[in-house]
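Taken in order, the sequence shown gives residues 141 to 657; the numbers are from this note's numbering.
For each residue, glycine too, the CB sits at the ideal point set by N, CA and C.
Inspection log for the structure reproduced underneath, given as structure tokens.
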Amino acid sequence: MRKLYLFIFFIAFNICFAQQITYFDKNWKETSKEKASYYREVSNEGKLMRIKDFFISGKLQMEGLASKIENGDEVFEGEVKWYFENGKVEKSSIFKNGTQIGLQKEFDADGKLVEEDLSNEKGNVYTRKYKYKSETQPFNVFTEWKDDTITETEYDNDIKLIRRVYKGDGNYEYYDEKGALIGKLNDDYVDGKSGIEVIYFYNPMKVRTIIEYEKGKYKVIKNYFPDKKLESEIITAGTSGTLKKFDRQGKLLSSAKVEVDEQKNITPIEGTYISEDFTDETGNKSYISVIAEYKAGEVITRKIFYENGKLKNDESQEKVTHYAPDGSLKYTMIYKNGEPFDGTEIIEDAKLFEFKNGKMISFRIYLNDMKTLALENIFNPKTQMYEQKIFDENSDYKQIKFVTITKEADSYKTQAEIITYQNGQPVAKAVVKNEVLESGKVIFFYPDKKKTIFETKDGSSTQVTSYNENGDMTRNTNYPVKNVDDYEIPKINEGFLLGNDLTLPTVTSKPKVLYNE
141 MRKLYLFIFF IAFNICFAQQ ITYFDKNWKE TSKEKASYYR EVSNEGKLMR
191 IKDFFISGKL QMEGLASKIE NGDEVFEGEV KWYFENGKVE KSSIFKNGTQ
241 IGLQKEFDAD GKLVEEDLSN EKGNVYTRKY KYKSETQPFN VFTEWKDDTI
291 TETEYDNDIK LIRRVYKGDG NYEYYDEKGA LIGKLNDDYV DGKSGIEVIY
341 FYNPMKVRTI IEYEKGKYKV IKNYFPDKKL ESEIITAGTS GTLKKFDRQG
391 KLLSSAKVEV DEQKNITPIE GTYISEDFTD ETGNKSYISV IAEYKAGEVI
441 TRKIFYENGK LKNDESQEKV THYAPDGSLK YTMIYKNGEP FDGTEIIEDA
491 KLFEFKNGKM ISFRIYLNDM KTLALENIFN PKTQMYEQKI FDENSDYKQI
541 KFVTITKEAD SYKTQAEIIT YQNGQPVAKA VVKNEVLESG KVIFFYPDKK
591 KTIFETKDGS STQVTSYNEN GDMTRNTNYP VKNVDDYEIP KINEGFLLGN
641 DLTLPTVTSK PKVLYNE
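Put into structure tokens, the structure is as follows:
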């Protein structure tokens, strides 16, 4: 009996002695048990050691055999597997003397294959990557690198059916729903595109547009509805062509002569232009968004519609009328000689202008579907000056950031007085001429207590000083004013005061009547 006890004790002692436990933090650096995100168990197995890594929850994270560990790197032998914490395999590889040999596979947390790498003694044979449909990507993607060549295929459900294939060096192939080749495209850096390019609808994937190119120029553009009926076509000859628009039953709705510039922009010149917008990626839902009449390259009349089919803008060369989605009247602007004269007009669904007797009396910029006022410029008849308020994005536009006083609606090119505000109170004043500081200072305050000061004493230079959240100086640069057109000099204008972090439409002093699209 004593020998049996000794034998059991000997086995238990050797197991404990052979097994080692090491703890790691989230960056796989050794740490204490209390700070660990992972831990490792190492045990002897013949001439090799079996390594098991675990999540701190006790779930297996990796398992494999290694001949040794050198400078923290394992020299694996045979198959090694890594796991997600949900128990699914994340990666599996086969090694020989620490080098990957054979096929390595990687999976996502749902168990889908995302990458394959095949290697031999000479190196990589091929790498294949798989991306699957998602809310942000309506198609599958298969990419293969082999023999220094890349092939990337975008497809719907079956990689042998409808698909777009990129074969490297600007070469593409396009296939239809049955897997038949539609055409090939070469996108040459010098000569541009030649051949056939196809654009698709998605969910499901169907042909939307077929474009025929010749040395970078359009020859034919055909747009289709999801049922394969022709939606519109443009047939060009050099820099001109004809645009035809059809309805879903195949009836011709409009025809217009067009011009095509060097950037391939298509501009209607004569006739009726109708634009139809698709409201989803399937192409099943759409609406007529624009109906315009052109003559000698000018827009004579234009009607813009909401998605619900109701009229949004009714435009002519004499008057522009805006309507709400329910059909009620919103604004009207009367034009004289192509210039706004009397009324109110909204541009880009964000900029609101008001004119009286040819003079702009107010201008506002809104964000968040016209719910948030970001800038307001109002003419004061008593002072005969424009008083502009720029609201602070750091206060959700509830407090004033800058006030500028100018003689004209946009006179930073001439002269403007700028008052800086902090917490609703004026703290600095400056005068700008030709967009350059002539006197005083302009201060930008940031929510993390950082700030930047633009200051001049006599207009001969602009001093730019920045401070961090602790009040320590982080920048101190002087810009001599040698030439007002010098690009290095900080230009003080409307865009500058709005701030680079604020995405707003470009500010203009007045709207334009019937600009070409």
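Sequence-distant residues of the same chain with beta carbon closer than 8 Å to residue i, five excluded per side
i	result
E609	D588, K589 and K590
N280	Y270, K271, Y272, K273, E294, Y295, D296, N297 and I299
Y315	L301, I302, R303, R304, V305, L321 and I322
E210	none
K252	Y270 and Y272
Per-residue DSSP class, three states only, for residue i
i	result
N534	helix
E174	helix
I196	coil
Y342	coil
G378	coil
E575	coil
G218	strand
E516	strand
Y413	strand
N326	strand
S468	coil
A570	strand
D509	coil
F386	strand
P587	coil
F493	strand
A206	strand
Residue burial classification, residue i (beta-carbon count within 10 angstroms, cutoff 16)
i	result
L383	buried
P480	buried
E170	exposed
G204	buried
V229	exposed
Q201	buried
L469	exposed
P408	buried
I161	exposed
G580	buried
S172	exposed
M345	buried
G478	exposed
P620	exposed
A464	exposed
I414	buried
K333	buried
E447	exposed
Cβ neighbours of residue i in the same chain (closer than 6 Å, five flanking residues each side left out)
i	result
F418	S426
G599	E578
A514	I505, L507, F531 and Y537
M189	V182 and A206
R388	F365
Q603	E595 and N618
L637	I530 and F542
K459	I474
D454	K443 and T461
E416	S426 and I428
Backbone CA spacing between residue i and residue j [nearest angstrom]
i	j	result
G378	D331	16 Å
Q244	E256	6 Å
T293	K450	41 Å
N260	T239	9 Å
F542	N497	29 Å
I632	V576	6 Å
K286	K385	45 Å
E516	I440	32 Å
K499	E533	29 Å
A568	E557	11 Å
K368	E317	11 Å
V313	A176	One point to set straight first is that residue 313 is Glu, not Val, in the sequence displayed. C-alpha separation (whole angstroms): 51 Å.
V572	E438	39 Å
Y179	D248	23 Å
S394	K452	21 Å
F519	I593	29 Å
N184	I191	9 Å
Nonlocal neighbours in the same chain, by C-beta distance under 7 Å from residue i, ignoring five residues either side
i	result
P278	Y342, N343 and E421
F585	Q562 and K591
K435	E410
Residue-chain proximity (residue i, chain C), Cβ-Cβ < 8 Å
i	result
Y586	Of the protein chains in the structure, only one exists, and it is not chain C.
query = Going along the chain, which unbroken runs of the beta strand (DSSP E) with 3 or more residues stay wholly within the stretch 589 to 643?
reply = Runs found: 591 to 596, 601 to 607 and 613 to 620.
key: In chain order, each beta strand (DSSP E) run of at least 3 residues that lies wholly inside the stretch 255 to 315   = Along the stretch 255 to 315, the beta strand (DSSP E) occurs as fully enclosed runs of 3 or more residues at 263 to 271, 280 to 286, 289 to 295, 303 to 306 and 311 to 315, listed in sequence order.
3-residue-minimum beta strand (DSSP E) runs that sit fully inside the stretch 417 to 465, ordered along the chain = Those beta strand (DSSP E) runs which fall completely within the stretch 417 to 465 and span 3+ residues are 426 to 435, 438 to 445, 451 to 456 and 459 to 463.
ask   = Of all the beta strand (DSSP E) runs that stay within the bounds of the stretch 349 to 379, which reach a length of 3 or more residues?
value = Given a length threshold of 3 residues, each whole run of the beta strand (DSSP E) inside the stretch 349 to 379 is given here in chain order: 357 to 364 and 370 to 377.
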